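Quick note on this note's numbering: the sequence shown kicks off at 63 and runs consecutively.
Let me begin by presenting the structure, written as structure tokens, before commenting on it.
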Amino acid sequence: MLYIFDLGNVIVDIDFNRVFGTWSDLTRVPLATLKQSFTMGEAFHQHERGEITDEAFAEAICHEMDLPLSYEQFSHGWQAIFVSLRPEVIEIMHKLREQGHRVVVLSNTNRLHTTFWPDEYPEIHAAADHVYLSQEMGMRKPEARIYQRVLEAEGFSAADTVFFDDNADNIEGANQLGITSILVTGKETIPRYFTKQLC
């Protein structure tokens with residue numbers, strides 16, 4: 063079997079409020095104002111596909127949100143999204159590989175974040191056979207082509223694949239291709255799913 067794991071809130075806890083909190087501290091713009099003005103719009107999607115630079119992304123977001131931040135300040139806040147690793151998921155990934163399954167990560171992420179999490183959480187690369195990142199592939203979930211690319215690269219059919227993600231749109235996109243897709247709603251979702259499989 064092929065097991066595909068998302069990154070944020072699946073393997074690593076993330077929290078956008080930490081980003082807004084850092085930016086608020088740096089600019090004195092109220093936290094509520096930042097939350098209200100932030101959208102995952104075109105610049106966000108372009109950045110995740112690797113179509114624009116980190117600097118262009120920072121500039122676009124600061125412009126959209128009217129944030130007086132330097133690039134360094136923006137980056138500092140952007141990396142604050144990461145909270146901590148979910149060791150129980152890392153353990154499950156290792157067990158799956160020991161049983162002969164293929165285990166990969168598929169994440170909508172961006173170059174700026176990849177300057178942080180691989181060094182901060184080396185356990186992720188150690189637990190996965192391969193890590194697929196949206197900005198390197200030029201596509202992002204829930205686009206059908208990104209799932210198809212992973213299946214082709216791994217040599218598995220949709221019927222022999224299980225996918226874990228915390229985003230309902232991404233789950234729906236994978237479901238439409240016939241991939242067994244599990245919506246991760248909390249830390250207990252994945253351990254509960256594997257309670258019987260890994261006994």
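We put the beta carbon where it would ideally sit given N, CA and C, even for glycine.
Because the structure is a prediction, the values reported are computed rather than measured.
Inset, instruction - Express the C-alpha separation of L93 and Q161 in angstroms, rounding to a whole number. - result: 46 Å
Legend entry - Any 3 or more C-beta pairs closer than 8 Å across the stretch 108-120 and the stretch 161-173: yes
Inset, instruction - Taking only heavy atoms of the ligand GTP into account, decide whether any of them is closer than 7 Å to the Cβ of S146. - result: You won't find the ligand GTP in this model; it holds no ligand whatsoever.
Inset, instruction - Compare the beta carbon distance of L88 and Q141 with 8 Å and say whether it is the shorter of the two. - result: no
Legend entry - Distance, H107 Cα to E117 Cα: 15 Å
Legend entry - Own chain partners of A206 with C-beta closer than 8 Å, once the 5 adjacent residues on each side are dropped: G235, Q238 and L239
Legend entry - Reduced DSSP secondary structure (H/G/I, E/B, other) of T257: helix
Inset, instruction - Classify L239 as helix, strand or coil using the three-state DSSP reduction. - result: coil
Inset, instruction - List the whole-angstrom C-beta distance separating D191 from S146, where the pair is believed to meet the contact cut-off of C-beta under 8 Å. - result: That pair is no contact at about 23 Å.
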